[in-house]
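Below is one structure, written out as structure tokens, with a few remarks after it.
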Ligand SMILES: Nc1ncnc2c1ncn2[C@@H]1O[C@H](COP(=O)(O)OP(=O)(O)OP(=O)(O)O)[C@@H](O)[C@H]1O
Ligand SMILES: Nc1ncnc2c1ncn2[C@@H]1O[C@H](COP(=O)(O)OP(=O)(O)OP(=O)(O)O)[C@@H](O)[C@H]1O
Ligand code: SF4
Ligand SMILES: [Mg+2]
Ligand SMILES: [Mg+2]
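Chains as they are written, first to last, in my numbering: chain A, 274 to 631; chain B, 12 to 333.
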């Protein structure tokens, strides 16, 4: 691949948790020998990834694993603890999050937020919400603005008569469409979508997904697509990244990852996809055990250990790094090699593969 | 289903006043849920699913008005109950999980305390015991490190974690009617399975009746006994989940199923539904609100809609069903 559009290296975001101690309290604690450092929640921990121009990358993973934090870092709403974010030739991580709104690069990345309702200004009508980035970042006004907003409403399947409404007068899915129209208004190079279709019914979802495909074909837009709907990820994405407790545990072409997951967490995830047909629910992998804490996790234990169906003593003594398993697949598991061979064996005897997995 | 249903809604009509006229959002909505039954409510975005839930809970927006209908619950009509009695029921007997969890939680109170509050107010727990019970609830909804996370504020939790806190609050008092408005949309499929099991457990143990609003037809098929399909404020079809999947009769339900992504097929093969919901402010709304988008329309469709029983617990509101 040539120079990727987005290039992220060793990105970290740690949040301090627990009661904040003042200077006096810290001093007293130090005197009494209780000066433990403030606990840190490792929301994003050493994440590296790239997105090519015109590429659609899916980001999936357990609720709370750090997906929104990662995309908020990329969109420069949060300052990283550590690491580099590059968009083309520009190093975005050098800008402070709170100055970024006025930055010339602002229009190059846009985001559709997870909570459509929260992210819309309650005093803006749907029209104003969609027009706002066009006014601010592209200086569009007058009739051209009205025409553009109408076109955006049509594209996202938002009935024009709703443009004069305020957010509280719209349904969940109608608000979600306002959020999408607003984000694509300035035709960014990178569009980050955090669960854009979660609030949409399937027929509107189809419209949005086809719109995204179309924008990609026409404008070469790139997407980072966060979703819990694995069937949608499979349809839309070229590549998929699987996160677990702050780390990427598996990466590869979407079709391959879904057909032959190599990490035990990915396997559990795919096997939990709802099935309308009861016969296909047999042989499901259910995870038991407690998830590990994201607060000051032990760096020498695999984060999946304790819930992992494989997990051995090795997993409790050293954390697996993300390794290249095949030319296109990366996996962070000590037993990924076994999974690779297992899959090869299964491929050659499909009759045995009678589990619920595709 | 011979026993009296836990909830029976009949002829529910709701209107909203807006700057540009009155919007007739719900029209003669009717359905019932038996004790221990989980019923899915699906339908196009804007079709009135949340408004149905709000009307039953008595928490409609000030601009909204119930113009007719009844919602019988345990011998009383929720729509006619004075607010004081309704407030008494909410939280103890009636419980709701909202579509946007972050705004439904109190932003300046720790999540553990919010769950404890409910347990004290409605669940008969003592102030001393409540915090430990709250941690127990967080554990049930799979929040890792629940002891420490109980002290977090909503903004310190992820979207899906807030959603799970909301769920913990809603089920803490073991309600007899649970209305869940897209409770698992922000959750990955493994966590979603845990939540669905919790709801099923309530149904099994204390006979909770659940109205489960969702966009995910496959999820509804896997976990719900029946599916109710809404379109533009009308209930258009109601059937046992398996029946709806194998033999949907309303043209809109069939379209909805065809738009559901499965594990094979390409994006291009999924068909969106042509047209959009009619403008609900119109004075000349047709009796079948789907007719202007429907490829099976007959002249007879302009007459008042029938409600035809076409099979065991299977009802369809259409003049020319599939
Ligand atoms: N306060 C209000 N004023 C005017 N119209 C409203 C108001 N609240 C809701 N509506 C309208 O009522 C209709 C039904 O809304 P509702 O929120 O019930 O939809 P829904 O089926 O829950 O959709 P979604 O799946 O998108 O959440 C929508 O067309 C919406 O725009
Ligand atoms: N401001 C904050 N302070 C402390 N912790 C935070 C903060 N924001 C996020 N976190 C924590 O970081 C972790 C990752 O959260 P994030 O929102 O990125 O998850 P997510 O993968 O998007 O989850 P979901 O799928 O539920 O939306 C969670 O444990 C969350 O509690
Ligand atoms: S490294 Fe061990 S515990 Fe971690 S995922 Fe692989 S087998 Fe499971
Ligand atoms: Mg998130
Ligand atoms: Mg809704």
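All C-beta atoms, glycine included, are put in the ideal place defined by N, C-alpha and C.
Just so we're clear, the structure is a prediction, and the values are computed from it rather than from any experiment.
| Asked | Found |
| --- | --- |
| Residue 476(A) CB to nearest heavy atom of ligand 5 below 7 Å | no |
| Sequence-distant residues of the same chain with beta carbon closer than 7 Å to residue 277(A), five excluded per side | 323, 324, 325 |
| Contained alpha helix (DSSP H) runs [length at least 4] in the segment 497–528 of chain A, N- to C-terminal order | 503–509 |
| Which residues DSSP lists as bridging residue 251(B), in chain order | 237(B) |
| Chain B contact for residue 279(A) (CB, 8 Å cutoff) | no |
| Contiguous alpha helix (DSSP H) assignments of at least 4 residues, all confined to the segment 352–397 of chain A | 389–392 |
| Between the CA atoms of residue 414(A) and residue 408(A) - distance to the nearest angstrom | 6 Å |
| heavy atom of ligand 5 below 7 Å from residue 61(B) C-beta | yes |
| Residues that residue 441(A) contacts on chain B, provided the C-beta gap is smaller than 8 Å | 72 |
| Alpha-carbon spacing of residue 595(A) relative to residue 530(A), whole angstroms | 15 Å |
| Which residues DSSP lists as bridging residue 24(B), in chain order | 79(B) |
| Length-filtered (3 minimum) beta strand (DSSP E) runs lying within the segment 439–499 of chain A | 463–467, 495–499 |
| Short CB-CB distance (under 8 Å) between residue 326(B) and chain A | no |
| Chain-ordered residues of the segment 313–341 of chain A with a beta carbon less than 9 Å from chain B | 314, 316, 333, 334, 335, 336, 337, 338, 339, 340, 341 |
| Cutoff 8 Å: residue 54(B) Cβ touching any chain A Cβ | yes |
| Residue burial classification, residue 559(A) (beta-carbon count within 10 angstroms, cutoff 16) | exposed |
| Reduced DSSP category for residue 436(A) - H, G, I as helix; E, B as strand; rest coil | helix |
| Cβ pair count under 8 Å reaching 3, the segment 300–319 of chain B against the segment 269–289 of chain B | yes |
| Residues, ordered as in the chain, of the segment 494–513 of chain A that lie near chain B by beta-carbon distance below 8 Å | 501, 502, 503, 504, 505, 507, 508, 509 |
| Under 9 Å from the C-beta of residue 256(B): neighbouring residues of chain A | 549, 550 |
| Whole runs of the alpha helix (DSSP H) within the segment 256–328 of chain B, excluding any shorter than 4 residues | 262–269 |
| Where residue 401(A) sits in the DSSP three-state scheme | helix |
| Chain-ordered neighbours of residue 346(A) on chain B, where CB pairs are closer than 8 Å | Those do not exist, as residue 346(A) stays about 14 Å from chain B at its closest Cβ, beyond 8 Å. |
| DSSP bridge partner residues for residue 286(A) (one or two, in chain order) | 317(A) |
| Among 100(B), 201(B), 119(B), nearest to residue 132(B) - alpha-carbon criterion | 100(B) |
| Own chain residues within Cβ distance below 6 Å of residue 127(B), not counting five before or after | 141, 142, 145 |
| Chain A contact residues for residue 277(B), given Cβ-Cβ distances below 8 Å | 508 |
| Distance cut-off 7 Å: residue 41(B) Cβ against heavy atoms of ligand 5 | no |
| Nearest candidate by alpha-carbon position, reference residue 256(B), set 243(B), 270(B), 245(B) | 270(B) |
| Chain A contact for residue 141(B) (CB, 8 Å cutoff) | no |
| Buried or exposed (CB count within 10 angstroms, at least 16 for buried), residue 117(B) | exposed |
| Collapsed DSSP secondary structure at residue 150(B) in the structure displayed | helix |
| Rounded distance between the beta-carbons of residue 192(B) and residue 110(B), thought under 8 Å | 4 Å |
| CB-CB length for residue 431(A) against residue 447(A), believed under 8 Å | 7 Å |
| Residue-level contact to chain B via CB, residue 387(A), 8 Å cutoff | yes |
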